[in-house]
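Per numbering that gives the first Met the number 0, the very first residue in the sequence shown carries number 0; after that it's consecutive.
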Amino acid sequence: MNRAVFVMVGSLVALVALVLLLPSDSARRPIAQSRQATQGQSSEDEALTIYCAAANRAVMEAIRTDYEAEFGVALKVQYGASQTLLSNLEIGGTADLYLPADDSYLAAARHKGLVDEVLPVAEMQAVLAVPKEAAVDLPGLDALLASSARIVQANPEAAAVGKLTRDVLTAQGKWEALAARTQSFKGTVHEVANDVQIGAADVGIVFDAVLHTIPQLKAVPLPELAEAKARIAVGVAASTAQPQRALHFARYLSAPEKGQRRYEEYGYRPLPGDPWADTPELTLYAGAMLRPAIEQTLREFEEREGVRVVRKYNGCGILVAQMRAGEVPDAYFACDSEFMQQVRDLFPTPADVSQNELVILVPKGNPKRIASLRDLTRPGLRVGIGHEKQCAMGWLTQRTLRESGVQADVMNNVIVQSPTGDMLVNQMQTGSLDAAVAYLSNAAGAAQFLDAVRIQGIPCSIATQPYAVARSARYPQLAERLLARLRSAASEKQFTQLGFAWIAHSAGKALAVDVER
Numbered sequence: 000m001n002r003a004v005f006v007m008v009g010s011l012v013a014l015v016a017l018v019l020l021l022p023s024d025s026a027r028r029p030i031a032q033s034r035q036a037t038q039g040q041s042s043e044d045e046a047l048t049i050y051c052a053a054a055n056r057a058v059m060e061a062i063r064t065d066y067e068a069e070f071g072v073a074l075k076v077q078y079g080a081s082q083t084l085l086s087n088l089e090i091g092g093t094a095d096l097y098l099p100a101d102d103s104y105l106a107a108a109r110h111k112g113l114v115d116e117v118l119p120v121a122e123m124q125a126v127l128a129v130p131k132e133a134a135v136d137l138p139g140l141d142a143l144l145a146s147s148a149r150i151v152q153a154n155p156e157a158a159a160v161g162k163l164t165r166d167v168l169t170a171q172g173k174w175e176a177l178a179a180r181t182q183s184f185k186g187t188v189h190e191v192a193n194d195v196q197i198g199a200a201d202v203g204i205v206f207d208a209v210l211h212t213i214p215q216l217k218a219v220p221l222p223e224l225a226e227a228k229a230r231i232a233v234g235v236a237a238s239t240a241q242p243q244r245a246l247h248f249a250r251y252l253s254a255p256e257k258g259q260r261r262y263e264e265y266g267y268r269p270l271p272g273d274p275w276a277d278t279p280e281l282t283l284y285a286g287a288m289l290r291p292a293i294e295q296t297l298r299e300f301e302e303r304e305g306v307r308v309v310r311k312y313n314g315c316g317i318l319v320a321q322m323r324a325g326e327v328p329d330a331y332f333a334c335d336s337e338f339m340q341q342v343r344d345l346f347p348t349p350a351d352v353s354q355n356e357l358v359i360l361v362p363k364g365n366p367k368r369i370a371s372l373r374d375l376t377r378p379g380l381r382v383g384i385g386h387e388k389q390c391a392m393g394w395l396t397q398r399t400l401r402e403s404g405v406q407a408d409v410m411n412n413v414i415v416q417s418p419t420g421d422m423l424v425n426q427m428q429t430g431s432l433d434a435a436v437a438y439l440s441n442a443a444g445a446a447q448f449l450d451a452v453r454i455q456g457i458p459c460s461i462a463t464q465p466y467a468v469a470r471s472a473r474y475p476q477l478a479e480r481l482l483a484r485l486r487s488a489a490s491e492k493q494f495t496q497l498g499f500a501w502i503a504h505s506a507g508k509a510l511a512v513d514v515e516r
């Protein structure tokens, strides 16, 4: 029995389905245009619901005013303690977005499958709040505990500032002493500040940004709380019925010229964010053999995010040459690690996604009984391979032929060197070639015409496909979210149906951007 690997007909069906799926116009329609197209709908129908931590109330109200005026989309904001809002989301809340006071709550929400994309926004610091006229000399927590000051805190089971304080001081072995000296625990950080403001307490632990709108109070840093920094991020609820609108606002919120400008005005420290664009445009260079595996995911990404992904598919040698000439895309999905390494200075942190193996393509039924690379040395055979300088497939083929000891003899029979595997498949189908060395995925769309013979015992015949965001990318976080979609379970199905092996790690958990510390 020969070693031909029959490519499943199901792969062909999947490929045909990819071709038939056309991009949706709504993926390319800015929110402003979408609003004009739906003027007959009520604002209630278009409203976005946001679960927002109380610590963000003042700045969120300013951003809400800006966004509603600019886009005419109503924002319904429910304020509360971060844990309380998370619990509401878990029991069936109808929020489109969740913005807690610290991203640890988003990590928990993501673990429970309650949020998808996460965009970082800003940072704030836990400090002591005291009356503005108070003379304070507190070199450390011990001095506070030894004083007669009435202390108030936020409940660590409900509010982010309370949880952060407890976590940081527990690590120092000082939480129990502070908890014992605390006269009351409040539900939100604003309730803590209010107690100090009205004289019901002498000192409270709050976030510094909260005091921006309370001129009667001032912030006093405490050395033991130096690590109690809250990183604010916004998450798109997994249950939202309008993800494109939710992501539009999330991008607005995290953009330096928009929401982050307001956060800075209100005393927060903005985190790196993508610049604002109503409809961002992302440029992706990808190896030609990846096209059938990623096109559906790219279309779905455009639709969900409301963005455009401009693709350029070609042999990776050609793409590398273009990048070296100065045409650097926002992201690059290479056919093999070797062609990522050649531009590593432009793409510093690649992530491996899949693998594809070289095979020998032969006509259906394998009439010439080709079973190995050595069989390609037979006199008179017409052989096609990839071009060594133009594509990863060609470079890998030459390496594999050298490893097998048949390079010179096989090259005597090579009549075609192509920049892409698809071109070799076309020539096989027309009868111009007797055999071709290409990727297994190249055969997926021609299962009724071709068989694939595995190349045995040559480890270098396996190509690894990495994805990376350019150092110069205009929208690096958007490009990272595209990687997350390309590493998702749905994307994995597309790849494996076409003969790729899947090696992306934590595929189902890659949708958040840096929310776990």
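Where a beta carbon is used, it is the ideal one built from N, C-alpha and C, also for glycine.
The beta carbon of L482 lies closer than 6 Å to those of Y466 in the same chain, with the five residues before and after it left out. The DSSP-derived three-state label of V327 is coil. For the set Q389, S371 and K388, the Cα lying nearest the Cα of L400 is the one of S371. Under the DSSP assignment, L357 falls in the beta strand (DSSP E) whose first and last residues are A350 to P362. DSSP lists A128 and V151 as the bridge partner or partners of G203. Residue state for K257 is assigned as coil, using DSSP reduced to three classes.
According to DSSP, residue pairing for L318 in a beta bridge does not occur.
Judged by their CB atoms, S440 and L395 are not nearer to each other than the 7 Å cut-off. Judged by beta-carbon spacing, A500 lies within the 7 Å limit of Q354, meaning their Cβ atoms are closer than that value. Under the 10 Å beta carbon count, D335 is surrounded by 16 or more other beta carbons and is classified as buried. Of L163, A330, R323 and A276, the smallest CA-CA separation from V306 is found for A276. Going by beta carbons, L105 and A232 fall inside the 7 Å limit. Counting along the chain, no beta strand (DSSP E) covers Y104; the unbroken alpha helix (DSSP H) around it starts and ends at D102 to H110. In the three-state DSSP reduction, E387 falls in the coil class, being neither helix nor strand. Note that the C-beta distance between A208 and G266 is below 7 Å. In this structure, the straight-line span from the alpha carbon of T169 to that of T278 is close to 45 Å. The shortest C-alpha to C-alpha distance from V413 to any of Q397, A237 and R486 is the one to Q397.
Counting only runs of 4+ residues, the alpha helix (DSSP H) found wholly inside the stretch 384-472 occupies 391-403, 406-410 and 420-428, in chain order. Contact check between the stretch 460-479 and the stretch 414-426: fewer than three CB pairs, one atom from each, fall below 8 Å, which does not count as touching. Excluding five sequence positions before and after T495, the CB atoms of its chain that fall closer than 7 Å to its own CB belong to W501, given in chain order. Judged by DSSP in its simplified three-state form, P119 adopts strand. With contacts defined by Cβ atoms closer than 7 Å, R261 and V58 form a contacting pair. Proximity of the stretch 158-178 to the stretch 220-238 meets the contact definition, three or more beta-carbon pairs being nearer than 8 Å.
Residue pairing by DSSP places V114 opposite A236 in a beta bridge. By the Cβ rule, the stretch 357-368 counts as touching the stretch 432-452, because three or more pairs are nearer than 8 Å. Counting along the chain, no alpha helix (DSSP H) covers I213, and no H or E run does either. When secondary structure is reduced to three states using DSSP, Y267 falls in the coil class, being assigned neither helix nor strand. When rounded, the separation of the alpha-carbon atoms in V129 and T212 is 14 Å. Counting only unbroken stretches of 4 or more residues, the alpha helix (DSSP H) elements lying wholly within the stretch 139-191 are 140-145, 159-171 and 174-180, in sequence order. Taking 7 Å as the cut-off, the beta carbon of A80 is found closer than this to the beta carbon of A157. The DSSP-derived three-state label of V342 is coil. Using a Cβ distance threshold of 7 Å, L74 and L47 count as a contacting pair. Between the stretch 61-68 and the stretch 250-258, the count of C-beta pairs closer than 8 Å reaches three or more; the two stretches touch.
Contact between I49 and V76 holds, since their C-beta atoms are separated by about 5 Å, short of 8 Å.
Around the beta-carbon of N411, fewer than 16 other beta-carbon atoms lie within 10 Å, marking it exposed. Counting along the chain, the unbroken alpha helix (DSSP H) around Q82 starts and ends at S81 to E89.
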